[in-house]
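Numbering (UniProt numbering), first residue to last: 1 to 115.
In structure tokens form, the structure reads like this:
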């Protein structure tokens, strides 16, 4: 669930990609969106990048991408689909070893009392 090494690094890069896409998309529509939606997008992107509750916030990022896609005239459908698929992949794969989730819910040493 929290792979270290190169797979963990790849998940870190995927988290950074999803967070950057969310920030860029929110910034691109900042005049048309209320301030609280822009603030929510910033908080979601920070949580995605840090790896905090990753499946939940990645699903929220996917919902945000879909809402922006349907609400506005998106020039490049391929880019919107790519952003959405990245968020979906992150929601399904999880955060990786280099995340807040790995620190909070990662492997633990279980010490059993002698019998």
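Ideal Cβ positions, reconstructed from N, Cα and C, are used throughout, including at glycine. These numbers come from a predicted model, not from an experiment.
| query | Are there three or more Cβ pairs, one per stretch, closer than 8 Å when the segment 93-103 is compared with the segment 66-74? | reply | no
| query | Near residue 26, which residues of its chain fall below 6 Å by C-beta distance, leaving aside the five closest residues on each side in sequence? | reply | 38, 41
| Is the beta carbon of residue 44 sitting closer than 8 Å to the one on residue 22? | yes
| request: Starting from the C-beta of residue 1, find all residues in its chain whose C-beta is less than 6 Å away, skip the five residues before and the five after it, and write them out in chain order. | output: 94
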